Every structure is written in C-alpha cells, then in structure tokens.
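Reviewing the structure listed below.
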Amino acid sequence: FPFGWRGWQPFTWRPADERASFDRYSGGGKLTLLPIIQIILNRGVADGSLKNWVDRVTKWNFDTVVPAHLDAPLRAGPADFAKPFD
C-alpha cells in the first residue's frame with residue numbers, strides 16, 4: 054500500500070516537528086536511545102539482563118561505536134556507551 058495500511062497512518066509528519074525530532078534523537082553526535090529501543094530494552098530491566106549486558110560491553114576497550122541509525126561512526130568509549138542506559 055503506498056500510504057501505509059489502506060491509507061491510514063498512525064502519525065502525521067509536520068516539517069517543524071520532523072526537524073525538532075531529528076535534532077533531539079540524533080543526540081548531537083552523542084549516543085542516545087530512541088524511544089522504540091527504550092521500549093524494547095525495558096524488558097531487560099526487571100531481570101537485570103540489560104544491566105548485565107551493558108556492564109559486559111563496558112569492560113571492552115573501544116573508542117568508536119557504529120550505530121545502525123543516524124550519525125555513524127561515533128567517537129565513544131565504554132563510559133560514553135553506558136551513559137544512555139543510566
């Protein structure tokens with residue numbers, strides 16, 4: 054379907070909102086968690102699995118992160134990586 058599900062779309066894009074949203078979620082070159090990722094990762098909060106994973110990753114020695122979306126690559130080390138999960 055060229056316009057979503059039979060023409061129905063769950064949201065409306067407005068030029069001003071689109072730019073403001075991009076600026077907010079692109080993080081100005083810093084690592085950030087988009088809302089949908091926050092929702093998905095929230096499943097791992099109660100059982101501690103998300104914290105365990107972040108703790109494991111931050112033990113690695115790295116200075117670059119390549120996210121799947123937005124700005125890439127980003128100069129970021131273990132402390133930078135952990136910050137969005139606080």
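Going from the sequence shown to our numbering is simple: count from 1 and add 53.
Note that CB positions come from ideal geometry on N, CA and C, so glycine has one too.
Just so you know, these numbers come straight off a predicted model, no measurement behind them.
Across the structure, R77 and F138 are spaced so that their CA atoms are roughly 17 Å apart.
DSSP lists no beta-bridge partner residue for R67.
Taken atom to atom, the span from the alpha-carbon of P131 to that of A99 is near 23 Å. For L84 against L94, the beta-carbon gap comes to about 13 Å, at or over 8 Å, which does not count as contact.
Scanning its chain for C-beta atoms nearer than 8 Å, with the 5 sequence neighbours on each side dropped, one finds around K112 the residues P131, in chain order. DSSP places L103 in the uninterrupted alpha helix (DSSP H) bounded by 102-110. Around the beta carbon of A73, a 10 Å sphere encloses fewer than 16 other beta carbons of the protein chains shown; the residue is thus reported as exposed.
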